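Quick note, the sequences are listed as chains A and B, same order. So the first sequence is residues 1 to 763, counted in my numbering. So the second sequence is residues 1001 to 1301, counted in my numbering. Every residue gets a Cβ at the ideal spot worked out from N, C-alpha and C, and that includes glycine. Keep in mind the model is a prediction, meaning the values are calculated, not measured. A short worksheet on the structure shown next.
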Amino acid sequence: MQQMKASEKRNRKRPDGPDKVTGRLNYLTDLHFPNMLYGKIKRSAYPHARILSIYTEEAEQLPGVRAVVTFKDVPGLNAFGIVTPDQPVLCEDTVRYVGDAVAAVAADTKEIAEHACSLIAVEYDPLPVVDDPAKALDAGTPQLHPDGNLLHKAHFYKGDVDDAFYKCTEIIEETYQVPRQMHTYMETEGGVIVPEPDGTLTVYVGTQHGYKDRFQLSRILNLQEEKIRIVSSPMGGSFGGKDELNIQPYGALLALASGRPVKIHQTRQESVISGLKRHPMRITMKTGVAADGKIIAHRVDILADTGAYSTLGPAILEFAVEHSTGPYVIPNVKTEGVSVFTNNGVAGEFRGFGGNQVTFALEGQMDRLADRLDVDPLEFRRLNLRKRDEIGPIGQRIAPTDGAYQVLQSIKDHRQLKIKEENEMPDKWKVRGIGTAITMHGGGLGYGRLDPAGGRLCLKENGKIEAAFGFEEAGQGILGVIETIVTEELGCSVSDLSVVIGDTSLVPSSGSTTASRGTSMVWHALQKMNKPFRKLLIEKGEALTGVEAHRLQTGKIGLFVTADDGEEIPIITYEELAQQSTEEEMTISTNFDFPTTPDPIDSGHFLYTFGAVLAQVEVDLLTGKVKVIDLDQAIAAGPVVNYLGYKGQIEGGGVMSLGYTLLEDALMSEGEYMTQNLDAYLIPGIGDVPFTMKVEAIETLQEDDSYGPRGVGEIGSVAVAPAIAKAIQEAVGYWVRSLPVSSEEVLAEVSKRRVNPWTKAMQ
Amino acid sequence: MVNEHEPLMSGKPPTLPVPTKVWRPSDLSEAWEVKRQYGTEARYITGGTLIQLQREQGTPLAKHLISLDKINVLEGFDHLEDEGQFKLRIGALTTLSDCHRNVFIEEYWPILAEAIRHVASPAVRNRATIGGNVCYQVGDVIPALMVLEAEAVSFDGTTYLSNDIATYIQLINGEDHPILASISLPEPPVSAQVLSFFKKVGRREAFIPSIVTVACQGCINESGEVEYIRLAAGGGTASPKRLYECERFVQNKVLIEEDLGRLYEMVLQEYVPASDPFTTADYRKTVAANVIVSEFEKLIQ
Chain A
1 MQQMKASEKR
11 NRKRPDGPDK
21 VTGRLNYLTD
31 LHFPNMLYGK
41 IKRSAYPHAR
51 ILSIYTEEAE
61 QLPGVRAVVT
71 FKDVPGLNAF
81 GIVTPDQPVL
91 CEDTVRYVGD
101 AVAAVAADTK
111 EIAEHACSLI
121 AVEYDPLPVV
131 DDPAKALDAG
141 TPQLHPDGNL
151 LHKAHFYKGD
161 VDDAFYKCTE
171 IIEETYQVPR
181 QMHTYMETEG
191 GVIVPEPDGT
201 LTVYVGTQHG
211 YKDRFQLSRI
221 LNLQEEKIRI
231 VSSPMGGSFG
241 GKDELNIQPY
251 GALLALASGR
261 PVKIHQTRQE
271 SVISGLKRHP
281 MRITMKTGVA
291 ADGKIIAHRV
301 DILADTGAYS
311 TLGPAILEFA
321 VEHSTGPYVI
331 PNVKTEGVSV
341 FTNNGVAGEF
351 RGFGGNQVTF
361 ALEGQMDRLA
371 DRLDVDPLEF
381 RRLNLRKRDE
391 IGPIGQRIAP
401 TDGAYQVLQS
411 IKDHRQLKIK
421 EENEMPDKWK
431 VRGIGTAITM
441 HGGGLGYGRL
451 DPAGGRLCLK
461 ENGKIEAAFG
471 FEEAGQGILG
481 VIETIVTEEL
491 GCSVSDLSVV
501 IGDTSLVPSS
511 GSTTASRGTS
521 MVWHALQKMN
531 KPFRKLLIEK
541 GEALTGVEAH
551 RLQTGKIGLF
561 VTADDGEEIP
571 IITYEELAQQ
581 STEEEMTIST
591 NFDFPTTPDP
601 IDSGHFLYTF
611 GAVLAQVEVD
621 LLTGKVKVID
631 LDQAIAAGPV
641 VNYLGYKGQI
651 EGGGVMSLGY
661 TLLEDALMSE
671 GEYMTQNLDA
681 YLIPGIGDVP
691 FTMKVEAIET
701 LQEDDSYGPR
711 GVGEIGSVAV
721 APAIAKAIQE
731 AVGYWVRSLP
741 VSSEEVLAEV
751 SKRRVNPWTK
761 AMQ
Chain B
1001 MVNEHEPLMS
1011 GKPPTLPVPT
1021 KVWRPSDLSE
1031 AWEVKRQYGT
1041 EARYITGGTL
1051 IQLQREQGTP
1061 LAKHLISLDK
1071 INVLEGFDHL
1081 EDEGQFKLRI
1091 GALTTLSDCH
1101 RNVFIEEYWP
1111 ILAEAIRHVA
1121 SPAVRNRATI
1131 GGNVCYQVGD
1141 VIPALMVLEA
1151 EAVSFDGTTY
1161 LSNDIATYIQ
1171 LINGEDHPIL
1181 ASISLPEPPV
1191 SAQVLSFFKK
1201 VGRREAFIPS
1211 IVTVACQGCI
1221 NESGEVEYIR
1231 LAAGGGTASP
1241 KRLYECERFV
1251 QNKVLIEEDL
1261 GRLYEMVLQE
1271 YVPASDPFTT
1281 ADYRKTVAAN
1291 VIVSEFEKLI
1301 Q
């Protein structure tokens, strides 16, 4: 593999940037079609209830209403779910969360559709609400599904922890609680579904996996997959939240029922109520060290609240189990995870995929142990760190890597510099602290899961080289990545290129745009297609020009030869090549799978990225409020494909997790959202974010590593919370156990220490 | 067994709800008449930022909205002389942004400018009016106006009334409440040293409802005595109130360190906030007490 550096050349401005920042770009939710109707979804009035009747006549009679659908109108399987379809499209007899859909309406205007929804009378028999995951499996708790309230169990056992704890000199046991984070994409779920004259259906709705949506819709509509076209990019953010179906089935049912295009675009409140969230988890860890400072025993119990339906709950739990030892080598491990059904919304895929939750707990343990042992927390980590060729966290072989050590060393050096910085506080009521944390994060779906990827290169009639991938643009910058990789591999320029994504009628199947796989899979696809595609063009060039193939190279505008003096002589342009060729378009395509471990260990990952975070906080002693003033990260993920995109992912992931740590929680009470909009569910504003954030990219891979650049969509979000938590402890001595950090708890801790003289009067 | 609503078996064909009618009277008397005509079905509107927020939160729009935007006299600033004292009259419809940009407010009543800076976001401040913030009853500017002893001038259908801000806020609770026309700011007293602050604490740095808001306007004479003091606190859903007991405690005192503990306790007792799912009343009390006492501590150092 050629050595790549984050050079100027690899600092591409994303091609879709200007249109996005100027607001010119049309998202799929901006589309309008002639005769278009507006759809609204009537969702459950209760978090848990039996449906006794649904009365739609009144709504149907409202002038301007063109279609009303209920469970009776679902021609195929009345359920969806990426792995296990257990979520009803339209509920028939039971509702299990406040976002459950009962009916949908298409009308001439949004207002009519909305009013029609209010005219649909649903008779319910409310059932007791299962809102405490800790009680979900208790006898007597109402069963939400035929097989009970257990969604999934996962475990990893190694050695004998019980015996090992006897040999420990120090043991820390702690229970951590992490919140229900919302993806909060700027563009809420929506789009337009168009019934075509030939009986096919075009679905203009953002998703992370067009082909999967096509499959699921086909099953629901009882319509052949080939008759459904999914146009799915661009999206105004997704972060895992739009991998599962959302409004597509309702739009499709209404479009088929009315014979007219139907637009649905959820309001923020509708999005909050119906959309996925990050799994809240309660994680108990007991971790023990021997006299030499090495961790020898680690016991982990994970309880995940998956909400009402499965979606990707099992995979997320398995990911959490796999990552519960992080980049550390521990001889005796007992990790048990359980994911349970409740009436608390639906939890599912979210950037970090269970890793963020368990990393908060694990790194919290590392800091508490280091503190107990009175050693430097990074030095303590280094002592327990995995080595280059060590096997993976659940016993699987992984691609050899030094990433853990590299990021640790980098953040350690950075910390030294930070500590030396002048730190004079202008305000006597503010104190600062620095914390660090590290992590490793698996890319791809893991062993035993279908994880196909693919791509296609084609010289089109107009002379453009078309690069087609089934990946989606969700704001992460995949277009810039494709441009960079294709132009570098083929030597062509951006103007020679036409990038096509996000349309099942035009692109090959590439799997989901998830699990940090986009960049990695585009690179792999080009490794496979580059040579045969160049060969195809060059052979055609030889046939048309008579210049010998071995002298021809692909370059900017077309084929050229290099003269003895180094001058590049143009021979034939791509346009001429396409026009003079009498045959069909020249196409090379590839299909392959994401690299997996050779060991048959289910869900085990093979390619890992590493991250280390330094957070500096300023704690206000009068209010207990925490402000993050530094959030710097070192990342080892192989060569950088596009530095601006890379930095954007790490900084963006960092800020998203800053919100997770300090602000964000979709609070629920008895199955109802307390935070129904962005006035109560708080994401960070620019004032809550450090003025600058540093991103150190460690690009070196092992010499024999043939897997190229890894994706960085998630890694920047994983280890932020524990770094901030440690910084708070450094500042005021308070060990955070629950996220988001409560200013009230911090203040109570500060007050206990009686830092202000006047509270003495209270004693 | 629960019916989400009564089955609609009236036999009449369903129709859309009647859309809200917007009235745009050209003077206050006309506005008053429209309100009298439609009573609780009508609501005054100016910038509309709060009504829009409440609408998103599920409060249906009133059937009649009486927009005051054509009543030009309600907008802008006037300088008045009253018994040798300088006064600034601010029309109720003056936007928060315009108030924030006003050089006199910045110079003579800086805590009002500071309070305005903390209201919502720039886009909201460009539409939201100072009168609207007062009529919100828990607006961020209210504690500042209270300690500045601002006067609310309102129109009750026949005459103009003049009240202090706290009294006017109480009047809003009644039906047929007078329409806020303007707010007058008297020149604040001066002495050897001015003690003036406005602090808002929210769950986020900006664009956030307050957990605790405190405002203070006072002055200290040459011998270090608190000569004049006005202190108010609000936050959350609790209406801002003057802290009269605390004021009395510091009035005419040369504060010493021991007084701070007593003041701290008095704030805890006098300030009565409410809890919500995010913040307890106890936390709000502690924060209010901490913030206030830390400012008074500066007088001692």
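Of all the options the options, which has the alpha carbon lying nearest to the alpha carbon of residue i?
i: aspartate 704(A); options: Asp389(A), Ser271(A), Leu667(A); result: Asp389(A)
i: serine 512(A); options: Lys153(A), Tyr46(A), Lys430(A), Thr207(A); result: Thr207(A)
i: serine 1294(B); options: Ala1215(B), Gln1251(B), Val1272(B); result: Ala1215(B)
i: valine 338(A); options: Leu137(A), Pro261(A), Asp371(A); result: Leu137(A)
i: glutamate 270(A); options: Leu254(A), Asn530(A), Asn246(A); result: Asn246(A)
i: aspartate 665(A); options: Asp679(A), Gly652(A), Leu303(A), Pro197(A); result: Asp679(A)
i: glutamine 649(A); options: Val340(A), Val695(A), Thr325(A); result: Val695(A)
i: valine 89(A); options: Tyr309(A), Ile302(A), Ser324(A), Leu459(A); result: Tyr309(A)
Please report how far the alpha carbon of residue i lies from the alpha carbon of residue j, in whole angstroms.
i: arginine 1203(B); j: leucine 663(A); result: 7 Å
i: leucine 1260(B); j: threonine 1286(B); result: 14 Å
i: methionine 762(A); j: leucine 1299(B); result: For methionine 762(A), the pLDDT reaches just 44, beneath the cut-off of 50, and the residue's location in the model is therefore unreliable, although a value from the coordinates is still provided. Rounded to the nearest angstrom, the two C-alpha atoms are 21 Å apart.
i: glycine 1132(B); j: aspartate 496(A); result: 57 Å
i: serine 509(A); j: alanine 139(A); result: 45 Å
i: glycine 541(A); j: tyrosine 660(A); result: 56 Å
i: methionine 1001(B); j: lysine 334(A); result: With a pLDDT of 48 at methionine 1001(B), under the threshold of 50, the predicted position of this residue should be treated as unreliable, and no value is reported.
i: proline 400(A); j: threonine 562(A); result: 39 Å
i: phenylalanine 360(A); j: glutamate 422(A); result: 29 Å
i: serine 1210(B); j: alanine 1238(B); result: 10 Å
For the beta strand (DSSP E) containing residue i, name the first residue and the last one.
i: threonine 284(A); result: 281-289
i: cysteine 458(A); result: 452-459
i: cysteine 117(A); result: No beta strand (DSSP E) contains cysteine 117(A), which is instead part of the alpha helix (DSSP H) from 110-119.
i: threonine 1057(B); result: Note on residue identity: the sequence assigns glutamine, not threonine, to residue 1057(B). No beta strand (DSSP E) contains glutamine 1057(B), which DSSP labels as neither H nor E.
i: valine 617(A); result: 608-620
Report buried or exposed for residue i, applying the criterion of at least 16 other Cβ atoms within 10 angstroms of its Cβ.
i: isoleucine 686(A); result: exposed
i: asparagine 1003(B); result: Below a pLDDT of 50, predicted positions are generally treated as unreliable, and asparagine 1003(B), at 49, falls in that range; the measurement from the model is reported next regardless. Exposed, by the Cβ-count rule.
i: threonine 169(A); result: exposed
i: proline 426(A); result: exposed
i: aspartate 86(A); result: buried
i: arginine 517(A); result: buried
i: glutamine 416(A); result: exposed
Can you pull the chain B neighbours of residue i, defined as C-beta to C-beta under 9 Å?
i: proline 757(A); result: Glu1257, Leu1260, Gly1261, Glu1297
i: aspartate 688(A); result: Arg1204, Glu1205, Ala1206
i: isoleucine 112(A); result: Leu1016
Give the interface partners of residue i over in chain B, defined as CB-CB distance under 7 Å, in chain order.
i: glutamine 61(A); result: Pro1013, Pro1014
i: tryptophan 523(A); result: In chain order: nothing, as chain B lies at least about 39 Å away.
i: aspartate 679(A); result: Leu1053
i: histidine 115(A); result: Leu1016, Pro1017
i: glycine 685(A); result: Arg1204, Glu1205, Ala1206, Phe1207
Strictly below 9 Å CB to CB, what residues from chain A border residue i?
i: serine 1196(B); result: Ordered by position in chain A, no residue passes the 9 Å Cβ test against serine 1196(B), which lies about 18 Å from the chain.
i: valine 1254(B); result: Going along chain A, no residue has its Cβ under 9 Å from valine 1254(B), so there is no contact; the nearest lies around 17 Å.
Anything in chain A within Cβ reach of residue i, meaning under 8 Å, just list it in chain order.
i: threonine 1280(B); result: Glu744
i: threonine 1286(B); result: Leu747, Ser751
How far does the alpha helix (DSSP H) with residue i in it extend, from its first residue to its last?
i: cysteine 1216(B); result: From DSSP, cysteine 1216(B) is part of no alpha helix (DSSP H) but of the beta strand (DSSP E) over 1210-1220.
i: valine 407(A); result: 403-420
i: glycine 435(A); result: No alpha helix (DSSP H) holds glycine 435(A); the beta strand (DSSP E) holding it covers 430-442.
i: glycine 687(A); result: Here glycine 687(A) belongs to no alpha helix (DSSP H), and DSSP marks it neither H nor E.
i: tryptophan 523(A); result: 518-545
Mind pulling the chain B residues with CB within less than 8 Å of residue i?
i: leucine 622(A); result: Val1287, Asn1290, Val1291, Ser1294
i: valine 667(A); result: Residue 667(A) is actually leucine in this sequence, not valine. The answer, in chain order, is Pro1277, Phe1278.
i: methionine 674(A); result: Pro1277
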